[in-house]
Structures are given as C-alpha cells and as structure tokens.
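Inspection log for the structure reproduced underneath, given as structure tokens.
There are 4 protein chains.
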Amino acid sequence: MTHAILLISCPDHRGITAAITQYVYDHNGNILHAEQHTDEKENVFFMRIEWSMEGFDLGQDEIEGNFRTVAEKFSMKWKLYFTDRLPRVAVFASKHLHCLYDMLYRYKSGQFRCEIPLIISNHPDAGSVADVFGINFSEIGITPAKKREQEKKQLQILEQENIDTIIFARYMQIVGDEFIDKYENNIVNIHHSFLPAFAGKEPYLQAYQKGVKIIGATSHYVTGELDTGPIIEQDTVRISHKDSVEDLVRKGEDLERVVLSRAVRWHLERKILSYNNKTIVFD
Amino acid sequence: MTHAILLISCPDHRGITAAITQYVYDHNGNILHAEQHTDEKENVFFMRIEWSMEGFDLGQDEIEGNFRTVAEKFSMKWKLYFTDRLPRVAVFASKHLHCLYDMLYRYKSGQFRCEIPLIISNHPDAGSVADVFGINFSEIGITPAKKREQEKKQLQILEQENIDTIIFARYMQIVGDEFIDKYENNIVNIHHSFLPAFAGKEPYLQAYQKGVKIIGATSHYVTGELDTGPIIEQDTVRISHKDSVEDLVRKGEDLERVVLSRAVRWHLERKILSYNNKTIVFD
Amino acid sequence: MTHAILLISCPDHRGITAAITQYVYDHNGNILHAEQHTDEKENVFFMRIEWSMEGFDLGQDEIEGNFRTVAEKFSMKWKLYFTDRLPRVAVFASKHLHCLYDMLYRYKSGQFRCEIPLIISNHPDAGSVADVFGINFSEIGITPAKKREQEKKQLQILEQENIDTIIFARYMQIVGDEFIDKYENNIVNIHHSFLPAFAGKEPYLQAYQKGVKIIGATSHYVTGELDTGPIIEQDTVRISHKDSVEDLVRKGEDLERVVLSRAVRWHLERKILSYNNKTIVFD
Amino acid sequence: MTHAILLISCPDHRGITAAITQYVYDHNGNILHAEQHTDEKENVFFMRIEWSMEGFDLGQDEIEGNFRTVAEKFSMKWKLYFTDRLPRVAVFASKHLHCLYDMLYRYKSGQFRCEIPLIISNHPDAGSVADVFGINFSEIGITPAKKREQEKKQLQILEQENIDTIIFARYMQIVGDEFIDKYENNIVNIHHSFLPAFAGKEPYLQAYQKGVKIIGATSHYVTGELDTGPIIEQDTVRISHKDSVEDLVRKGEDLERVVLSRAVRWHLERKILSYNNKTIVFD
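Going down the list, the sequences are from chains A, B, C and D. Sequential numbering from 130 applies to the first sequence in the numbering used here. Sequential numbering from 130 applies to the second sequence in the numbering used here. Sequential numbering from 130 applies to the third sequence in the numbering used here. Sequential numbering from 130 applies to the fourth sequence in the numbering used here.
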C-alpha cells in the first residue's frame, strides 16, 4: 500500500502540529509516523509525517494543490513524496570499489527502496562490478581540460535515465555548480575521515601522521565546497600505534560502507531535512 | 515557566494524534515536544507530548478531569506531569559507592531535575558521602531474619519524605512485593553487566571467566524478579585478555555511572513508557 | 620473504622470554613481532613471536627438532607456522549469504592471507555466490536421518582439498564430534548475538522480545557444545524501540560481517591462542 | 614488591630484545610484562619491560650505570622507573571542575598510583573541591600582564613540592616555554573535542554549529603549540539534531572524565612513549 510522506519546515508557531495532523485525519488518512523537531535558537519547526493512502479521500495529484492553504498559513517549505514512485539512483565510483560493491549488494538484497539503473565512473574498473550486478555502466573519463564538457555528458545521461538521486561511492572528483544546483541535497557522498578533521586528500595518511587514536567516516550532502556539506551520518573505530596506514584503510573501509549505507537509506526513505548546512535525521 | 507532560498509550486508531494535538491547541497550549511510536505487531500507540502552561486556559487541577473525554474515546492509559512539581528521590546504596557519588555530583551540578532529600543504605559507609553532599542519611541494616521488618521501616521513611522515585545506586538487595507494588516503574536500578548476560552475583567475575571481549552495564526498572525488569539503557566497553577482574571492575564502573545517569535523567524528565516488560524511551 | 611464527604456552618461569629471543638471535633471526602475556591467576605464560627467515641459519624443517631442547626445558606447548604455507580454507554457508559474500569479497581483495578452494553448503543458494567468485561449490544436504553419513562426505571432501581451516559463515548446523576433533580450534563461527546472551535459535527475535538497547555479534571457535566455544571477537551496535526485528537483522548483519572478518584475519595470521575456553588475541 | 620499568627507543636492530631480556635474566630478574613495537617506516624500535626487583642482584642505584653498556651498544634512549617512588602530581584547574573532581575521586579510590599533594587554579572555585578531598590549594590568578610573573610563582611552588607530573584538568591557559621545557611529556591535558577537529575555544559550540553527529574528547601531552601535542587517548559519543549545545557539554563531560583518566593512568604506570609527536601506548 502506498504511503505519503510530507517533509515540512517553517517558522515555529502555535498550532502547526494540530493543523497538519487534523488535515490528514479530515481526509481519512491513517498516520503511520509523525516526528517533529523545533530548533529553539532559530525558532524553526520541522516535521516528517507519513500516512497510508488507503482510504485517503484525495488522489496523489490533488494533495499538492489542496494542502497549499495549510502550508501558506504557516509559511511552510514542504516536499511531498509517495512511496510508489521509487527514487531513481545513479552510483558514481572511481577506483576504490568497496563502497560501490556494498551499495549494489544492499540494493540487490532489498535494503534500499529505489531503482539503480546506472553506474558512472571516470575509470573502467567499475565496469566489471556493474556487470556482476547486471547494471548499465558508463565510463566518462575526467581530465582537467575536458572536465566541463564531460560533466555535460554526465548530466545528459542522468537526464535520459530520469535520475533524481546520486550516490558518490568514493567518487573522488569535485563536480561543478551546474551539477550541484540540479541535484541540491540529492548527492550523498562518503568521505573517509571524521569530518571536519582530515578533509581533502589522503585522510588515512593524514590520520596516521597526526597519531589519532580513533578514525572515522562521514556521509554528507555534496555542496560546491569540498567536504563541507551538511553531515548526514558519522561513525568511528579505534586504532592504535600498531596500525599502519594500510590497516587504517582496511578498518576505515568497513566504516565507510556502513556509514554510507545508513545515509543512503535515510535519504531514500525521506527521513532527512537539510537546514543551515546541518541535517535533521528523523531516524 | 511550567510545562505539562502527558504520557499516553492506547490501542492504535485513526485520529489519535490529531485529537491530542488539537486538544492542546484548543486550550491555547504551545506544544514544545511531541513524539509518538506505534508498535505495529501489537497495534499499540504511544505518545509523549509536552506543552507550555503559559497562556493555557485550564489550570493544572482542571486538565485531569477535562482531558478524560478524549482519553476515554481512545481507551487511553495516561499520566500527566507538571514540571514545577519536582520528583522526590531517595538513593539506595550498599558498599560500592561510585554510583552514589556520581548521582549526587550530577544532582548538585544541576543535571537532574529533582529533589534528593534522602539516602538509605544497609551499611554505614555511605554516610560520609551523604555528609559531603549535605543530604540526610538513614542506615537500615538488612539481615535475612529482619528483612520484612526493615523494609517496613524503609517504606515508612520514604512515605514521611514523600518519595516518589527510587534509585538503586548499586544497592545489592532484593526488595519485597510491597515495595515493588508501591514503586512500580519508579525504581531505577543499575546492574553491572550487559543483561540478560551475567545476571545475579559477581557479573564481572562471570564475564572474566567466560572470556567475553566486551563488557556492559544495564539500567532497568526493578520488578519482583531479579535483574529482569524493563531495560532502560545499556552501554558497552571493550576489554581484552590483558584485563584482570579488577580491570573489568574499573572499566565497568565508568560504564555504570554513565548508564545509570542517562536512565535516571530520562526517568525524571518523563521520557520513558514501560510496556510488555520493555521500555520506549522518547530521547 | 617468509616469516616464522611461533605460538607458545607454558607454566610461567623466570627466563622464558630471554631463552626464546636468544634462540632466535643465536640462529641469526630478525624478530619482527614479539608479544607475551602472563595469566597471573593460573601462572601460565603465552607468547607469539614472529621472525624473518632471511639469513636464518636453520631450514624450515630443521627448526622443529632443534627448538625441542628449549621447549622441553620449559614444558612448552608450541606450534610453528611459516607464512609461505598459506592456510587452506573451506567456507560453510546455509541460506543467509551476507557473511559468505563478505568473506569472499575480502578474500579476493587480498585482506586474507589464505587460499579458499571450496565452499560447502546444505542449500543450493550459495552456489551462485560461489560462481561469482569462481570458487568450487559442493552442496551436501543435511537431514536428521542422514546427518552422520553426510558429515563423512564433508570430511572426505575437506581431506581431498587439504583443508586445515573452516569458516562457518552463518552455517546453521551443529557438527559432530569427529568434525570437532579433527578441526579443534580451526573452525571459526559467527553467532548473531552478544554471547552468552541469546545463544541458540533466532537471537534477533530473542533480543527484540527482551527489549535490549544494544545488540551484538560474536565470533568464536566451534566446540562440541552449541555457541559456547572460546570467544575470539565481539562487537555491538545501538538499537531502539523504533527498530523492528527486521531492523535488528539488518543492523546485526553489518556487525556479523565485521566481527567474523576480524576473527578470521587474526586466525589466519596466527594471532590467537586458545586456553581454558578463552582466547588470547595478540592483535 | 617494587618493580622496575624500563622504557626504550632506538634504531631497530637484530638482537635488541634478546639483549634486554637476557640482561634482566642474568641479574635474576623476573619479567612481568614486556611489550615491543617497531615503526617499520622509520626503522625505530620501542620497548617497555617491567620486572620484579625481588631477588634482583643489583640495587636500584646500580642499574643505571650497569645497564649503560647494553644501552650504548644499541644507541638507546631510555628511562628507568621504580614503582616504590610514586610520581608527585599537581592538578591544574580553572572554572569547569568536573575533571578535577573526577581525578581526585579516582585518586582517593586508589585508581592512580601517585601522590597528589597540590591543586593549582587561576580561580578560587576549585578551592572547595580541594577542601573536600583534603588537598592543598593554591590560587594563582593569571592576567595577560602578569602572566610571566605568575608562571614563575607556579614553577616555584611545583619545585617546592617536588612535582614531576602535571594534569591539566580543564585548565584553560596556555603556558610558556619555560614550563613546557621543564615538564616535557609530563603535562597531560584534556581537550573537549575530537582533535584535530575543533581545536581552540568553545569546541562544543563549534561542533554544534558544524552539525557533526559524533563528538569526542582528546587527552594529549602539552607542547608549546595549542592543542597539537602528542595524542594519548580519544573517545567519542553519538549526538543528534535534538541535542543543544548544553546537551553536548553534558555528554562531552562524561567523555572528558573517562578519556583523561585513562591517559593519566597510563602515564603514571609508565606505559607511554612519545615519538614524532605521536604516542605509543603499551596498554
């Protein structure tokens, strides 16, 4: 049975929750999940509400117009999703393929509610992984000179495939503004450090040289600036002086997989609101 | 400013959330927090809702009667609290005093919204800790023969002091039915293992002998059966073959303090619903 | 360059470390790693020492006889390994294939120093995973009636393939004494709970019903008794009342993979000594 | 019974371990712990060896001269400690007293093998904590103008009391070169972030604003540069969008206490070697 999911943010005000829940009830909807959060410093209200469309007295196309009255009364920003329209996802990878592999394994195991019709890489290596899982593969090499041109090509393919969500599974390229604008808050990246520590290149080497006792991984939305977008999820693991850089890589890769998978899952289930370069995750 | 906190459980039904939030709004209440959970297997709905009494058009004593109509419609079990009536807490301790110390330190630091007028112990040692923090101390020795009689004495003192909440800060005694009945879901215990593993005596020794690689601590509500009440919070820490039983004790005590403090805090803030020998923690 | 690895246990005694390190030095060996542990309660000494065979003045086949004098002086139990003889591993699986998949992915990625020529399962499903990774697959169905007979068949195949190490990657069968005797301390199992809690069947369901706030996974050597062999590694992850049994399974499977992989890696690198139904891991 | 503890670092070389362990054995010492580590990139060897002085055929004052032959052969840097000479520790604090409290509680509970004759603070508040634990308190206010002069006063007092180890229990002052030189690798600090993230002022506020999902604490040796000395220990705890800055402070303080206590304990037990602005902890 299809569910509707409504994500809302607006200035905090008396009566918002009542208005929204009453709206769903008046149209005969059964609320399955409702979570709210108020940022008391900024006086902003956030809500995620999910209800069953079984018996709902408005069609999917009617809600958008109908809900507007409520939305405008409270100056809401809002997005409406229906679970029968699966997100269409492209996975980008480079040379380190453990996250790509893991994403596709989870996808095939039914952990992700989405369609993944496409894998894009700037290297040929990911092609064989794509083959194993029977997914189309597109190699689009990136050089400094051809970068803009190749990004146009990427965007074309994404459009052809109706892609709305992108996973950077260790895709080690910075993408341009056009890309960011089109997929704002829809590109999920994994960075192999505990951000904001060790942004940029070779974070495991940086961590080794610094002598930290714990390493981490961070999944975040991609913005125009490197490794600084809204953080979705992080996790850490203990290391010691006995660990070489290679040990850090191995231990870290286990983190990367898990952290990215959590972030992707929350994103696909519409559990994330992005705000002030931070995220609210209604887990 | 005083807040009202309402804890609700009832059979799941269309319109519950709308009815409750509308109720608060109709009486001019400003909802500060609202969290709900549905146990889909058992078809039970749970909610915690907190609102400001500023401008609310019913007095504290009027709500109880007034809300009944809503409550009965949905066959709710419910409890209503006001934050200007602080819980009155007695801490019970025995010989291991690290948790008692920690509870009182946090209390004096303002981490707990409650009053602690009383410490009870079956040993004299806790008396000096009580002195440091300026809290009344009552030593009530327990022997198998005098157990019932002494528990009566304890209950009398608790009643005199209007105690509604009890913390067992490593109080190593099993209490009788009268005690449990009177303080159901209001006695928070800490057990020094990852329950259900290593219930009963000397859990650190048990853990050492079993050769586990991680130890834990568990805070739970006390029931008539030893170490099996609804679990509120748990945490774990890594150990190795290098750790002696004494090392386990030392590492474990750090866990005990933190785990017990989280459970106590949630309990005092009315964030816990107990159900089917499990807890829902609206953290 | 080949390394020698010596694992030793013996009654604790003055001069053991000096005798062993001097032995290696006298034969012109370069010690790469040396770790020792003394169980002070039991007065037992444990050591792992690894040295380079480059320039060592004894051949691999000569050391065994030559070292005996030192060993007997201290009543040592000892095992000697050389890194140019890779362990030959068979992976056993049933219907849940995530651990099998992960083992093989790590094997192909070079994380495990071993050869895996064989996968055995009591179900046909694992066959396609074996195919993906290009490894021989043998389906040997187990029914109560045919259990002994089929185990004989398994043992024959293992012998043909010179298997010395077995991984139970969620192989949900109890094996007989002949099996255990032959592969004592050489069968690494993963159990999907934080042992000793929730041994036996459906540990995730047990954990859900108990209402624990943290779940775990345990890797241990298989003994004749179910889920009670020496624990090699454990790890835990936080859950909440929001998690269904299915969520526990998903979160737990991420743990299982990592915990099993650590245990297998340590085993293959000869870092584990088993003693008194516990392990010493020289990580 | 007194133990000797020898900490060694030197260029890696065949025969070092044998030479050291043989030395102890030749003088009739019983080795209780021996741990070594080789930094393979830098080709440096590190060792910690602890033996019982019972029956040792050299007096405490004789070893230093006698061992020199071995030390010079391998160009060792080395330090020798005896457990009957307890480190003399001064704790420095400012206004946040939770770490001071915790240090003193652990000290009185017997967790630290040291003497703490002195507490120094730039604020009067710590005085009452010192009183509770019966330890001398010295208030030495710091202003930019009087900083050098006051540091001289601090150093005088430290000298009078024969202090060899300093704990900065949230002492929020940068100390001068004279201080650092005199107590190199003997000042243990706690910083309330996961370094190198959020160095400097108000790390909890920084973490809140950045929107990280995990916060940390770091204990390190103090050097001339702020928050960049060799890291001894770190730990982390999960937070969420629901946590205010005050929640971060509360959760973080629990970390700070535990992380600092581990670092202090290792330092007092002579388990730390500092090298290349990193530490080797023989835990």
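Note that the Cβ used here is the ideal one computed from N, Cα and C, for glycine as well. Quantities reported herein were computed from a predicted structural model and do not represent experimental measurements.
> How would you label ASP383 (chain C), buried or exposed, when you count the other beta carbons within 10 angstroms and need 16 or more for buried?
Replying inline: Along the third sequence, one-based indexing puts residue 383 (chain C) at 254. Classification of ASP383 (chain C): buried, given that the 10 Å Cβ count is 16 or more.
*With 7 angstroms as the limit, tell me which residues of the stretch 399-412 of chain D have their beta carbon closer than that to any beta carbon of chain A; keep them in chain order.*
Those residues of the stretch 399-412 of chain D that come within reach of chain A (Cβ to Cβ, closer than 7 angstroms) are ASN406, LYS407, THR408, ILE409 and VAL410.
Margin query: Quick check on GLY305 (chain B): does DSSP put it in helix, strand or coil?
Written below: Position 176 of the second sequence holds residue 305 (chain B). The answer is coil: DSSP assigns GLY305 (chain B) none of H, G, I, E or B.
| request: Measure the C-alpha to C-alpha separation of GLY353 (chain C) and VAL304 (chain C) and round it to an integer number of angstroms. | output: The residue you call residue 353 (chain C) lines up with position 224 of the third sequence. The residue you call residue 304 (chain C) lines up with position 175 of the third sequence. Answer to the nearest angstrom: the Cα atoms are 8 angstroms apart.
Partners in chain A for LYS339 (chain D), counting only beta-carbon separations shorter than 7 angstroms
In the fourth sequence, residue 339 (chain D) corresponds to position 210, counting from 1. Under the 7 angstroms cutoff, chain A gives PRO325.
Q) Since HIS132 (chain C) is in the alpha helix (DSSP H), which residue starts that stretch and which ends it? A) In the third sequence, the residue the question calls residue 132 (chain C) occupies position 3. Where HIS132 (chain C) is concerned, there is no enclosing alpha helix (DSSP H), although the beta strand (DSSP E) it sits in stretches over 132-140.
Review point. The beta strand (DSSP E) with GLU362 (chain D) in it runs from where to where?
Key: Position 233 of the fourth sequence holds residue 362 (chain D). Unbroken beta strand (DSSP E) run through GLU362 (chain D): 360-367.
Problem set entry | GLY358 (chain B) burial status per 10 Å Cβ neighbour count (16 or more: buried) | Within the second sequence, residue 358 (chain B) is the residue found at index 229, counting from 1. The residue is buried, with at least 16 neighbouring Cβ atoms inside 10 Å.
Exercise for the section: Identify whether ARG426 (chain A) lies in helix, strand or coil by the three-state DSSP scheme. Expected result: For residue 426 (chain A) there is no data in the structure shown, the boundaries of chain A being 130 and 412.
key: Three-state secondary structure (DSSP) of MET415 (chain B)   = The structure shown does not extend to residue 415 (chain B), since chain B is modelled only from 130 to 412, so the question has no answer here.
Does the distance from the C-beta atom of LEU100 (chain C) to that of PHE266 (chain C) stay below 8 angstroms?
-> Here chain C has residues from 130 to 412 only, and residue 100 (chain C) is not among them.
Q) Do we get a CB-CB distance below 8 angstroms when we pair THR146 (chain B) with the residues of chain A? A) One-based indexing of the second sequence puts residue 146 (chain B) at position 17. Residue contact check for THR146 (chain B) against chain A: a CB pair falls below 8 angstroms.
Along chain C, which residues have their Cβ under 7 angstroms away from the Cβ of ASP383 (chain A)? For the purposes of this step, residue 383 (chain A) is identified with residue 254 of the first sequence, where counting begins at 1. Here the neighbours are VAL387.
Compare the beta carbon distance of PHE323 (chain B) and GLN363 (chain B) with 8 angstroms and say whether it is the shorter of the two. Residue 323 (chain B) sits at position 194 when you count from the first residue of the second sequence. Residue 363 (chain B) sits at position 234 when you count from the first residue of the second sequence. Taking 8 angstroms as the Cβ cut-off, PHE323 (chain B) and GLN363 (chain B) qualify as a contacting pair.
*Quick one: complete alpha helix (DSSP H) runs, 4+ long, within the stretch 149-210 of chain B?*
Listed in chain order, the complete alpha helix (DSSP H) runs (minimum 4 residues) inside the stretch 149-210 of chain B are 189-202.
Notebook entry, point to check: Around the C-beta of ASN291 (chain A), are 16 or more other C-beta atoms found within 10 angstroms, so that it is buried, or is it exposed?
Noted result: Position 162 of the first sequence, counted from the start, is the residue given in the question as residue 291 (chain A). By the beta-carbon neighbour count (other beta carbons within 10 angstroms, threshold 16), ASN291 (chain A) is exposed.
- prompt: Does GLN240 (chain D) come within less than 8 angstroms of chain B when only Cβ atoms are used?
  reply: Numbered from its first residue, the fourth sequence carries residue 240 (chain D) at position 111. The C-beta of GLN240 (chain D) comes closer than 8 angstroms to at least one C-beta of chain B.
Q: With DSSP collapsed to three states, give me the class of GLU268 (chain A).
A: Locating residue 268 (chain A) in the first sequence gives position 139, where the first residue counts as 1. In the three-state reduction of the DSSP assignment, GLU268 (chain A) falls in the strand class.
What is the DSSP secondary structure of PRO332 (chain D), counted as helix, strand or coil?
Taking the first residue of the fourth sequence as position 1, residue 332 (chain D) is located at position 203. The DSSP-derived three-state label of PRO332 (chain D) is helix.
Count the other CB atoms within 10 Å of the CB of LYS342 (chain A); is the residue buried (16 or more) or exposed (fewer)?
-> In the first sequence, the residue the question calls residue 342 (chain A) occupies position 213. With 16 or more other Cβ atoms within 10 Å, it is buried.
Discussion item. Could you tell me the alpha carbon to alpha carbon distance between VAL396 (chain A) and ILE316 (chain A), rounded to whole angstroms?
Written reply: By one-based count along the first sequence, residue 396 (chain A) stands at place 267. By one-based count along the first sequence, residue 316 (chain A) stands at place 187. Note on identity: in this sequence residue 396 (chain A) is His, with Val being the wrong assignment. Each residue's Cα considered, the two are about 10 angstroms apart.
Note down, in chain order, each residue of its chain lying with its Cβ closer than 7 angstroms to the Cβ of ASN195 (chain B), except the 5 sequence neighbours on either side. The sequence position of residue 195 (chain B) within the second sequence is 66, counting from 1. Closer than 7 angstroms at the Cβ level, and outside the excluded window around ASN195 (chain B), lie LEU187.
| said: Going by the DSSP bridge assignment, what does LEU397 (chain C) pair with across the sheet? | reply: If you number the third sequence from 1, residue 397 (chain C) lands on position 268. Under DSSP, LEU397 (chain C) takes part in no beta bridge, so it has no partner.
Mind checking HIS142 (chain D): buried by the 16 CB within 10 Å criterion, or exposed?
Position 13 of the fourth sequence, counted from the first residue, corresponds to residue 142 (chain D). Label assigned to HIS142 (chain D): exposed.
| Quick one: is ARG379 (chain A) near chain C, going by C-beta distance under 8 angstroms? | For the purposes of this step, residue 379 (chain A) is identified with residue 250 of the first sequence, where counting begins at 1. Under the 8 angstroms criterion on CB atoms, ARG379 (chain A) is classed as interfacial with respect to chain C.
Query - Contact under 8 angstroms by Cβ, THR150 (chain C) with GLN165 (chain C) - result: Within the third sequence, the letter at position 21 stands for residue 150 (chain C). Within the third sequence, the letter at position 36 stands for residue 165 (chain C). Against a cut-off of 8 angstroms, the Cβ pair of GLN165 (chain C) and THR150 (chain C) comes out as no contact.
Inset, instruction - Determine the extent of the beta strand (DSSP E) in which SER348 (chain D) is found, giving its start and end residues. - result: Looking up residue 348 (chain D) in the fourth sequence gives position 219. Following the DSSP letters along the chain, one finds SER348 (chain D) inside the beta strand (DSSP E) bounded by residues 343-350.
Q.
Could you pull the DSSP bridge partners for ILE319 (chain A) from this structure?
A. As a first step, residue 319 (chain A) is located in the first sequence; it is residue number 190 there, counting from the start. Answer is A:SER348.
Between ALA200 (chain D) and chain C, is any beta-carbon pair separated by less than 8 angstroms? Along the fourth sequence, read from residue 1 onward, the residue named residue 200 (chain D) stands at position 71. Interface residue (Cβ-Cβ distance to chain C less than 8 angstroms): ALA200 (chain D) is not classified as such.
List the DSSP bridge partners of ALA219 (chain A).
What you label residue 219 (chain A) is simply residue 90 of the first sequence in a count that begins at 1. Answer is A:LEU247 and A:ILE295.
Simplified DSSP state of THR357 (chain A), which is helix, strand or coil
Here the question's residue 357 (chain A) lines up with position 228 in the first sequence. Look at THR357 (chain A) here: in three-state DSSP terms it is coil, with no helix or strand label.
What residues match up with ILE409 (chain D) in a beta bridge as DSSP calls it?
To locate residue 409 (chain D), count along the fourth sequence from 1; it is residue 280. Answer is D:LEU402.
- prompt: Using a Cβ-Cβ distance under 8 angstroms, would VAL261 (chain B) count as near chain G?
  reply: Among the chains of the structure shown, chain G does not appear; the protein chains present are A, B, C and D.
With 8 angstroms set as the bound, which would you pick, yes or no: does the beta-carbon of ILE178 (chain B) sit closer than that to a beta-carbon of chain C?
Position 49 of the second sequence holds residue 178 (chain B). No, ILE178 (chain B) does not count as interfacial toward chain C.
In whole angstroms, give me the CA-to-CA distance for PHE175 (chain B) and CYS139 (chain B). As a first step, residue 175 (chain B) must be located in the second sequence, where it is residue number 46. As a first step, residue 139 (chain B) must be located in the second sequence, where it is residue number 10. Distance between the alpha carbons of PHE175 (chain B) and CYS139 (chain B): 7 angstroms.
For LEU334 (chain C), count the other beta carbons within 10 Å of its own beta carbon; 16 or more makes it buried, fewer makes it exposed. Which is it? By one-based count along the third sequence, residue 334 (chain C) stands at place 205. Classification of LEU334 (chain C): exposed, given that the 10 Å Cβ count is below 16.
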